[in-house]
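Each number in this note's numbering corresponds to the 1-based position in the sequence shown with 1 added.
We put the beta carbon where it would ideally sit given N, CA and C, even for glycine.
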Amino acid sequence: MTSETETPECCPPFDPAPWDGKLFEWKNKKFIKDSVTTQNYMPLNFGEVVMRMNEKVARAGAEIPDWLCLSDHTSESNMDLYLAVDREVEGAENLTLSGKFLSKVYEGDFEKTGEWCADFEGYAKGQGLEIKKWYMWYTTCPACAEKYGKNYVVIIAEVQ
């Protein structure tokens, strides 16, 4: 006799429609920032950092709009995370982003990141936009991506 237990949902299902091929104007959009240790760009403590950030947000009684979490791969040993919040969060590094941001949704294995980046670069150029700064949004953890059967990644770039 076996009993199967459903994996609890830790990441909400992601709807790609509001993010695919969109241009946003952000004015002082609130985020908190933390850093992930990486090795050859592969995160080593991503989950731990996200949990730490979520705990700070919960303690502050804040919300995470759209569950938006931007990853900025600053080097092969560091990735900065920017978690969207609806208010300032005590005990966190608070900052804002302003400007025009282009987004495009991709789906599949992370091995395709190079292809996605090349496609996004062409997409931005086709829109007459120049990329100033790149971010990746990994919309679900690996367990939830497997549960949902989709691994959506959104490239979001500040553009001019």
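Under the rule that 16 or more other beta-carbon atoms within 10 Å means buried, what is Ala93, buried or exposed?
The sequence position of residue 93 within the sequence shown is 92, counting from 1. Buried is the call here.
Own chain, CB closer than 6 Å to Trp135, minus 5 neighbours either side, in chain order
Here the question's residue 135 lines up with position 134 in the sequence shown. Result list for Trp135: Ala158, in chain order.
What does DSSP give as the partner residue(s) for Pro44 in the beta ladder?
For the purposes of this step, residue 44 is identified with residue 43 of the sequence shown, where counting begins at 1. Its beta-bridge partners are Thr39.
Leaving out the 5 sequence neighbours to the left and right, which residues in its chain are closer than 7 Å to Glu13 when beta-carbon positions are compared?
Within the sequence shown, numbered from 1, the residue matching residue 13 stands at position 12. Looking at the sequence itself, residue 13 is Pro, so the reference to Glu does not match. Within the same chain, Trp68 come within 7 Å of Pro13 by CB-CB distance, once the 5 residues on both sides are set aside.
Beta carbon of Glu64 nearer than 8 Å to that of Asp87
Mapped onto the sequence shown, residue 64 falls at position 63. Mapped onto the sequence shown, residue 87 falls at position 86. Yes, Cβ-Cβ distance for Glu64 and Asp87 is below 8 Å.
Are there 16 or more other CB atoms within 10 angstroms of the CB of Met80, so buried, or fewer, so exposed?
Locating residue 80 in the sequence shown gives position 79, counting from the first residue. It is buried - the Cβ of Met80 has at least 16 other Cβ atoms within 10 Å.
What first and last residue would you give for the beta strand (DSSP E) that runs through Thr141?
Counting from 1 along the sequence shown, the entry for residue 141 is found at position 140. Run containing Thr141: none; DSSP gives neither H nor E here.
In the DSSP assignment, find the unbroken alpha helix (DSSP H) run with Asp110 in it and report its ends.
On the sequence shown, residue 110 is found 109 positions in, with the first residue counted as 1. Counting along the chain, Asp110 falls outside any alpha helix (DSSP H), and DSSP gives it neither H nor E.
Among Glu131, Gly129 and Phe121, nearest to Ile156 - alpha-carbon criterion
Within the sequence shown, residue 156 is the residue found at index 155, counting from 1. Nearest option by C-alpha distance: Phe121.
Taking the DSSP output, what are the residues bridged to Ser76?
Here residue 76 corresponds to residue number 75 of the sequence shown, with the count starting at 1. Answer by DSSP bridge pairing, in chain order: Asn79.
Go through its chain and collect everything with a Cβ distance to Pro17's Cβ below 7 Å, but skip five positions before and after it.
Translated into positions along the sequence shown, residue 17 becomes position 16. The beta carbon of Pro17 sits closer than 7 Å to the beta carbons of Val106 and Tyr153 from its chain, once the five residues preceding and following it are set aside; these are given in chain order.
Can you find the residues in the same chain that come closer than 6 Å, C-beta to C-beta, to Glu91, ignoring five residues on each side of it along the sequence?
Looking up residue 91 in the sequence shown gives position 90. Excluding positions up to five away in sequence, the list reads Ala61.
Exposed unless 16 or more other CB atoms sit within 10 angstroms - verdict on Pro44
For the purposes of this step, residue 44 is identified with residue 43 of the sequence shown, where counting begins at 1. Around the CB of Pro44, 16 or more other CB atoms lie within 10 Å, so the residue is classed as buried.
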